[in-house]
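Visitor:
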Ligand SMILES: Nc1ncnc2c1ncn2[C@@H]1O[C@H](COP(=O)(O)OP(=O)(O)OP(=O)(O)O)[C@@H](O)[C@H]1O
Ligand SMILES: Nc1ncnc2c1ncn2[C@@H]1O[C@H](COP(=O)(O)OP(=O)(O)OP(=O)(O)O)[C@@H](O)[C@H]1O
Ligand SMILES: [Mg+2]
Ligand SMILES: [Mg+2]
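Protein chains in written order, with the working numbering: chain A, 28 to 365; chain B, 28 to 365; chain C, 32 to 548; chain D, 177 to 497.
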């Protein structure tokens with residue numbers, strides 16, 4: 028019998044095709060990237076799309092959605108969803124601006140408090156989901172409204188402008204650095220923040236025991252519980268991480284736009300979810316990766332950029348984006364093993 | 028063995044409590060209704076909330092969301108979701124206005140074409156979900172953008188005003204009737220349309236063979252397929268029905284507001300989903316009812332109305348609405364047997 | 032001093048689920064180095080009792096002592112810490128994680144910097160799997176494994192816990208006799224090293240071979256406790272069911288008719304081959320009307336895949352060879368077409384592929400035959416109720432009301448619902464995949480009786496099973512598959528289990544250990 | 177009759193007969209009045225400021241109690257808001273409609289019930305309202321066009337236009353006026369336009385691409401200040417903010433508004449789009465407290481804000497702070 032079993036097992040060497048498909052989540056990105064090069068406008072023989080500062084712009088433009096999408100990946104991996112991230116981003120942007128400008132707080136305490144608010148807000152949503160057992164869609168839909176209401180109240184309804192300096196009603200100049208560029212003025216700091224978050228998340232998912240727990244909760248919650256995985260704690264932690272990252276994105280948002288407005292981040296949740304799903308993570312939970320999400324976010328960024336570079340009519344842009352999203356999702360279905 | 032088994036089972040006579048909990052989906056509605064009466068402002072001893080006029084307004088205000096939510100219930104029952112309904116509503120509103128006003132079409136052909144567009148749009152989303160196997164969240168997220176883009180293009184980007192009359196560039200007066208009130212000027216026609224749709228849906232779900240298939244697909248798709256349920260056809264049909272009803276809501280919307288604007292219905296999908304979930308339908312599929320959805324939609328309508336009647340600050344309204352949604356969802360978790 | 036304590040002592044255990052008293056005043060004792068079989072019909076309360084012991088169910092009446100120390104677990108982790116491990120009846124694994132990750136889930140091995148030590152986990156997983164006699168690549172995602180392989184992974188996982196008390200809730204329901212033998216070797220090893228083992232199974236022949244003591248539960252109460260080696264299977268069954276079961280197998284009066292199904296050199300080359308799948312690779316067989324044909328084979332022989340191909344639900348690919356139904360060639364395209372042609376299918380995993388557990392018995396029974404209960408797509412409720420009631424009576428289904436959730440029925444009764452659903456479509460040919468997995472003896476006997484009846488009325492049956500006694504007892508003829516090919520065919524009138532097994536393993540010799548009933 | 181003459185200078189009552197509101201509404205200085213303000217969308221800074229201006233102005237009228245409702249950009253919600261005000265039997269309605277046509281019927285309903293209605297910013301159709309106060313977007317666009325054609329680019333040059341949300345009326349009007357305004361100088365060319373949906377970050381993202389695709393840009397004409405600010409940030413990021421000038425519209429006197437941006441040198445100019453909040457309360461006072469009449473249509477002119485007057489006007493608009 029053993030020999031038969033052996034044969035069954037050893038036929039399972041990963042084929043070239045299978046190996047290729049391990050990187051399926053970047054297929055869409057590559058396709059869109061190639062299309063972008065082909066359709067890019069040219070000036071004096073230069074392909075505008077691939078110029079260094081355009082690429083820097085592309086990545087800078089997706090950095091906020093990207094940061095959010097990393098947190099969203101975690102939530103979706105446990106089979107949940109977080110619709111509140113855009114509103115939490117707005118709350119964090121308002122918070123940073125109000126604390127530093129109106130309350131004259133320092134850089135560090137402001138950032139720490141704002142991040143803590145996101146963390147706690149996310150954790151509370153996690154509690155409602157994990158302990159009361161309300162579906163996360165509905166918890167975070169309510170959370171969206173609550174965060175948006177809080178941001179409105181905190182800011183008085185208006186965007187709070189951020190001016191830099193040492194005087195009263197001015198934010199510390201150290202904060203402005205977050206919006207600058209480095210490496211010869213080429214790489215925006217938000218991109219570096221995004222990259223650090225993404226790499227940290229990838230490494231975290233690879234090496235931590237927590238990540239196994241997270242996949243287990245998403246893949247088979249009952250099995251996870253029976254194996255002694257602290258399911259409730261995992262869920263709360265994941266929503267807290269997602270809130271934290273949305274807050275971080277809010278800080279980046281505020282510094283990039285020199286203001287914190289309570290209306291910042293409206294609709295970002297759908298972009299973030301789109302990035303996650305295009306990146307091959309299943310909304311059913313238990314399957315997916317942060318690397319895919321990064322590819323998904325970049326795909327959306329490249330798509331937006333090339334449409335803008337070509338000055339496509341905004342209505343036609345909507346159609347094209349819709350079709351590309353469906354096509355990218357369909358690419359995910361091509362796995363040899365489904 | 029038989030006797031004991033029998034005994035074990037027959038102890039399960041539905042208790043009073045259990046019977047009560049069959050109507051759990053209306054608990055929230057009743058609670059909110061009572062709260063509304065208590066908190067209603069009074070003028071000259073009259074409780075403003077319960078005045079016939081006001082109640083008619085409440086129901087009229089939810090009729091569109093209600094119609095959409097009925098279709099959404101079907102989609103959620105098969106374990107899907109449809110984010111495109113708000114955009115399809117906008118497309119239908121634009122379509123009715125353009126056809127009747129700009130193209131001088133008659134009442135019937137316009138309405139039939141608009142409904143057909145919604146039906147086909149929904150069916151195509153069903154095809155992408157059922158046949159290509161893309162998650163409906165992402166298909167309909169793309170569908171949202173496409174429908175919105177089409178509406179913008181069709182309308183030329185502007186709201187198309189509807190004037191009534193027999194002249195050119197005027198809509199037939201028969202169309203205006205849809206926005207009127209009847210029964211002594213008290214009951215708005217949109218409410219009657221909503222009621223008819225809801226009752227038809229309830230009856231349909233009770234008596235049709237199709238509804239058994241629908242619940243089966245949502246309950247366990249694999250089992251349904253092996254049992255000979257035409258899963259693909261059921262899915263396509265359900266998305267088509269949802270698109271059709273969103274279209275119908277769009278026609279009602281256009282006639283109530285005397286215009287079709289491409290920005291109509293933004294965000295309605297989330298309200299509709301909230302109504303469905305508050306009504307006790309599980310986002311996991313296979314469980315739920317249209318009656319619950321109607322209760323959920325009314326709950327949201329009463330809540331909006333009472334907050335407005337008390338002139339609660341719009342930011343505080345966001346907070347209260349968020350908390351009530353969570354509370355209503357938590358009520359759903361109170362089942363005696365979970 | 033410690034010697035005087037029992038390893039596990041459960042006293043006065045009670046547990047209610049709504050109106051159901053799953054356990055009532057149960058006293059249960061397990062000694063070190065003892066294999067204690069827990070027997071009972073479906074729904075008797077075996078799993079519930081063990082879930083209480085393993086910390087899965089935390090609200091119960093009564094008390095538990097381990098080695099004389101009273102304990103009250105607040106979750107599975109507590110129980111594991113106290114040295115209690117359980118293999119659950121349902122395969123509770125995480126499909127997206129690898130075999131190694133699943134085995135060590137919740138207690139991952141760490142490196143010195145607290146990261147997961149993947150290499151060590153894989154190595155230890157491989158050793159564990161080897162010990163239980165499977166060579167599986169520990170890096171494979173569990174979702175890709177077949178049911179039997181998953182069951183072996185859960186066994187490896189439980190063994191890896193190095194528990195003092197090991198609970199095995201139907202560990203062999205998807206295994207064939209060779210894997211079962213391996214498992215028994217492991218169990219004996221563990222017993223000799225002082226581990227106390229609770230063994231739950233509906234396969235009576237296993238009990239006598241492995242258990243030192245047996246306790247029978249009926250309706251949540253202890254009925255009797257005995258030494259299984261001193262009782263015959265018939266006596267054990269009587270203790271369980273509460274009445275003598277005269278004939279387990281009602282061998283049909285093989286009055287077979289015309290040829291119903293003919294399969295000629297059937298091959299399926301999948302477009303996207305899945306690792307571990309064994310698609311038909313040259314299978315020929317026939318089924319006559321009124322005949323019950325068995326399909327025997329080892330884990331992964333391709334029985335399931337053959338039935339799936341015939342029903343038209345195998346993954347896409349090129350099919351060669353011929354399939355004839357009543358002499359006419361057919362191309363299976365899917366359940367709807369198969370049902371229309373009179374082919375019914377009862378899948379292997381009734382929970383995952385058969386039932387909507389939270390829907391009513393009624394809805395689950397009639398879903399395949401809806402159009403016949405009304406006109407123009409409108410269901411006549413009276414007709415559908417009548418059909419459902421008729422089927423329930425015919426199958427002797429034990430239930431309260433037709434509106435009850437099918438998930439509240441015991442396993443055997445759930446199986447009857449899936450069965451009844453197919454019968455309502457009035458098939459000519461019934462494809463059955465492990466129809467008695469996890470079903471208790473009494474219910475099995477009923478299913479066999481029913482099969483006999485149906486065959487007598489001219490139905491043809493193709494029955495895949497891992498239980499050799501069942502194949503020999505129920506079928507007229509058994510076709511043995513190996514590696515997706517048919518390698519032998521026996522008439523049960525003149526051959527026994529040993530020959531079947533030998534053919535399945537591709538050996539001439541007969542395994543004499545594999546005992547009969 | 178006296179009252180009728182007073183209130184209906186330019187309007188004929190659709191319902192005929194008694195003049196709306198006035199006889200019922202005006203109770204003089206001793207009365208207490210509930211005013212309902214129906215706002216289209218407070219998520220737009222301009223409209224939030226409108227509410228704030230109304231709130232501030234109403235503080236000085238002790239008889240007034242102003243309630244606010246926000247339609248969040250949804251016509252249907254705004255209809256419901258007005259209906260709820262009718263149910264509450266308010267004494268006067270101020271409405272800043274999300275769109276004209278859809279709100280016409282419900283405004284008429286209120287007006288016919290005798291509630292005086294002051295319409296702000298966007299008109300409703302017909303004349304079933306007491307008075308309209310608003311700016312003229314075409315005029316603003318024209319002024320901006322002229323300013324660019326005459327002051328910024330007398331020698332001609334390349335302009336990019338950042339438009340508001342597609343489908344919004346002000347977007348169309350600000351574009352239309354602008355095209356007229358630059359007609360005088362044929363050497364001013366609009367080389368590209370993009371839609372920034374009124375949003376700062378969209379303005380920024382669109383400008384990223386416009387900068388890339390157009391090596392020579394002289395002026396960025398933005399349909400509002402936030403998008404102009406976004407465009408400025410995009411240009412600054414690639415070190416090109418000095419090469420071009422930016423103009424906006426709205427000139428909100430708030431810290432994150434356009435006047436400050438001009439004062440701090442990011443924008444060359446912006447054009448006031450008056451919120452009319454103060455004027456609305458003044459009109460309400462006239463109707464309710466003074467039993468007087470107001471003009472049927474009051475169009476407030478726009479003002480050019482540039483470096484020369486920005487600080488002064490900001491101070492004027494924010495007397496306390
Ligand atoms: N979670 C639950 N909710 C409600 N009832 C339950 C639950 N779990 C078990 N029961 C009921 O408790 C009784 C005992 O079930 P249990 O699973 O212990 O039986 P079992 O002896 O293991 O049967 P089988 O041989 O089919 O596995 C059954 O009537 C079952 O329906
Ligand atoms: N790699 C795989 N991925 C997904 N499903 C698989 C895979 N391999 C097998 N299966 C599924 O598992 C089932 C076959 O496994 P099963 O446990 O029935 O094997 P078995 O009963 O031991 O052997 P037999 O093939 O003889 O029935 C089929 O439903 C098949 O589709
Ligand atoms: Mg059990
Ligand atoms: Mg099988």
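We put the CB at the ideal spot given by N, CA and C, even for glycine.
Distance, Cα to Cα, residue 256/D vs residue 291/A?
Guide: In the fourth chain, counting from the first residue as 1, residue 256/D sits at position 80. In the first chain, counting from the first residue as 1, residue 291/A sits at position 264. Approximately 27 Å between the Cα atoms of the pair.
Visitor: Quick one, which of 203/D, 351/D, 333/D, 268/D has its alpha-carbon nearest residue 341/D's?
Guide: Translated into the one-based positions of the fourth chain, residue 341/D becomes position 165. With distances taken between Cα atoms, residue 341/D lies closest to 351/D.
Visitor: If we define contact as Cβ-Cβ less than 8 Å, is residue 275/D a contact residue for chain B?
Guide: Here residue 275/D corresponds to residue number 99 of the fourth chain, with the count starting at 1. By this cut-off, residue 275/D is an interface position.
Visitor: For chain A, check one thing: does any of its Cβ atoms lie closer than 8 Å to the Cβ of residue 179/B?
Guide: Here the question's residue 179/B lines up with position 152 in the second chain. Yes, contact with chain A.
Visitor: Is it the case that the CB of residue 120/C approaches a heavy atom of ligand 3 more closely than 7 Å?
Guide: Stepping through the third chain from its first residue, residue 120/C is reached at position 89. It does: the Cβ of residue 120/C is within 7 Å (strictly closer) of some heavy atom of ligand 3.
Visitor: Consider the Cβ of residue 253/B: report whether some Cβ of chain C lies at a distance smaller than 8 Å.
Guide: By 1-based counting over the second chain, the position of residue 253/B is 226. Residue 253/B counts as touching chain C.
Visitor: Name the chain B residues that come within less than 9 Å of residue 394/C, Cβ to Cβ?
Guide: For this step, residue 394/C is matched to residue 363 along the third chain. Chain B residues near residue 394/C: 239, 242, 243, 246.
Visitor: At a cut-off of 7 Å, is residue 551/C close to ligand 3 when judged by its beta-carbon and the heavy atoms of the ligand?
Guide: Lying before the first or after the last residue shown, residue 551/C is absent from chain C, which here runs from 32 to 548.
Visitor: Touch check for the stretch 204 to 223 of chain D and the stretch 237 to 255 of chain D: three-plus C-beta pairs under 8 Å?
Guide: Flag = yes, the stretch 204 to 223 of chain D and the stretch 237 to 255 of chain D touch.
Visitor: When we look at the beta-carbon of residue 227/B and count the other beta-carbons within 10 Å, is it buried (16 or more) or exposed?
Guide: By 1-based counting over the second chain, the position of residue 227/B is 200. With fewer than 16 Cβ atoms within 10 Å of its Cβ, residue 227/B is classed as exposed.
Visitor: Using a threshold of 7 Å, is the CB atom of residue 465/C nearer than that to any non-hydrogen atom of ligand 4?
Guide: Position 434 of the third chain, counted from the start, is the residue given in the question as residue 465/C. Under cutoff, so the answer is yes.
Visitor: Do you know whose CA, among 102/A, 285/A, 268/A, lies nearest residue 243/A's CA?
Guide: Position 216 of the first chain holds residue 243/A. The shortest Cα separation from residue 243/A among 102/A, 285/A, 268/A belongs to 102/A.
Visitor: Report yes if the CB atom of residue 163/C is closer than 8 Å to the CB atom of residue 190/C, and no otherwise.
Guide: Working through the third chain from its first residue, we reach residue 163/C at position 132. Working through the third chain from its first residue, we reach residue 190/C at position 159. For residue 163/C and residue 190/C, yes; Cβs fall inside 8 Å.
Visitor: To be precise: take each residue of the stretch 204 to 234 of chain D, compare its Cβ to all Cβ atoms of chain A, and keep it if any distance is under 9 Å. Which residues remain?
Guide: Those would be 218, 219, 220, 221, 224, 225, 227, 228, in chain order.
Visitor: When you compare only the Cα positions, how much space is there between residue 525/C and residue 503/C?
Guide: To locate residue 525/C, count along the third chain from 1; it is residue 494. To locate residue 503/C, count along the third chain from 1; it is residue 472. Near 10 Å, if we compare the C-alpha coordinates of residue 503/C and residue 525/C.
Visitor: Cβ of residue 335/C within 7 Å of any heavy atom in ligand 4?
Guide: For the purposes of this step, residue 335/C is taken as the residue at position 304 of the third chain. Indeed, a heavy atom of ligand 4 lies less than 7 Å from the Cβ.
Visitor: Do residue 211/D and residue 267/D have their C-beta atoms within less than 8 Å of each other?
Guide: Here the question's residue 211/D lines up with position 35 in the fourth chain. Here the question's residue 267/D lines up with position 91 in the fourth chain. In contact: residue 211/D and residue 267/D (Cβ atoms closer than 8 Å).
Visitor: Hey, does residue 239/D have any beta-carbon neighbour from chain B nearer than 8 Å?
Guide: Walking along the fourth chain from the start, residue 239/D turns up at place 63. Residue 239/D does not count as touching chain B.
Visitor: Using a C-beta to C-beta distance shorter than 8 Å, which residues of chain C count as neighbours of residue 229/B?
Guide: Here residue 229/B corresponds to residue number 202 of the second chain, with the count starting at 1. What residue 229/B touches in chain C: nothing, since even the nearest Cβ is about 14 Å away.
Visitor: So, residue 317/C versus residue 67/C, is the Cβ gap smaller than 8 Å?
Guide: Reading the third chain from its first residue, position 286 is the one you call residue 317/C. Reading the third chain from its first residue, position 36 is the one you call residue 67/C. No, these two residues do not count as a Cβ contact at 8 Å.
Visitor: Using a C-beta to C-beta distance shorter than 9 Å, which residues of chain B count as neighbours of residue 373/D?
Guide: By one-based count along the fourth chain, residue 373/D stands at place 197. Within chain B, no residue comes near residue 373/D; the closest Cβ sits about 11 Å away, beyond 9 Å.
Visitor: Could you tell me whether the Cβ of residue 278/D comes closer than 8 Å to any Cβ of chain B?
Guide: Position 102 of the fourth chain, counted from the first residue, corresponds to residue 278/D. At least one chain B Cβ lies under 8 Å of residue 278/D.
Visitor: Is residue 51/C near ligand 1, with its Cβ less than 7 Å from a heavy atom?
Guide: On the third chain, position 20 is the one that residue 51/C refers to. Yes, the beta carbon of residue 51/C sits closer than 7 Å to at least one heavy atom of ligand 1.
Visitor: Between 479/D, 250/D, 458/D, which lies nearest to residue 88/B when the distance is taken from Cα to Cα?
Guide: Your numbering for residue 88/B matches position 61 in the second chain. Among 479/D, 250/D, 458/D, the Cα nearest to that of residue 88/B belongs to 250/D.
Visitor: Taking any Cβ of chain B, which residues in the stretch 248 to 272 of chain D have a Cβ under 9 Å from it, in chain order?
Guide: Going along the stretch 248 to 272 of chain D in chain order, one finds 248, 249, 250, 251, 252, 253, 255, 256, 257, 259, 260, 261, 262, 263, 264, 265 with a Cβ nearer than 9 Å to chain B.
Visitor: Sort 308/C, 327/C, 215/C, 292/C by Cα distance to residue 501/C and report the nearest one.
Guide: Residue numbering aside, residue 501/C sits at position 470 when the third chain is read from its first letter. Looking at the Cα atoms, 327/C is the closest of the given residues.
Visitor: When the Cα of residue 398/C is compared with those of 246/B, 81/B, 282/B, which residue comes out closest?
Guide: Stepping through the third chain from its first residue, residue 398/C is reached at position 367. That would be 246/B, whose Cα lies nearest to the Cα of residue 398/C.
Visitor: May I have the straight-line CA-CA distance separating residue 163/B from residue 117/B, to the nearest angstrom?
Guide: To locate residue 163/B, count along the second chain from 1; it is residue 136. To locate residue 117/B, count along the second chain from 1; it is residue 90. Going by the C-alpha atoms only, they are around 20 Å apart.
Visitor: From the DSSP output, read off the bridge partner residues of residue 237/C.
Guide: Working through the third chain from its first residue, we reach residue 237/C at position 206. Looking at the DSSP assignment, residue 237/C forms no beta bridge with any residue, so it has no partner.
Visitor: Measure the Cβ-Cβ separation of residue 306/C and residue 175/C and say whether it is below 8 Å.
Guide: Numbered from 1 along the third chain, position 275 holds the residue referred to as residue 306/C. Numbered from 1 along the third chain, position 144 holds the residue referred to as residue 175/C. Closer than 8 Å, so yes.
Visitor: Is residue 77/C near ligand 3, judged by its Cβ being under 7 Å from some heavy atom?
Guide: Locating residue 77/C in the third chain gives position 46, where the first residue counts as 1. Yes.
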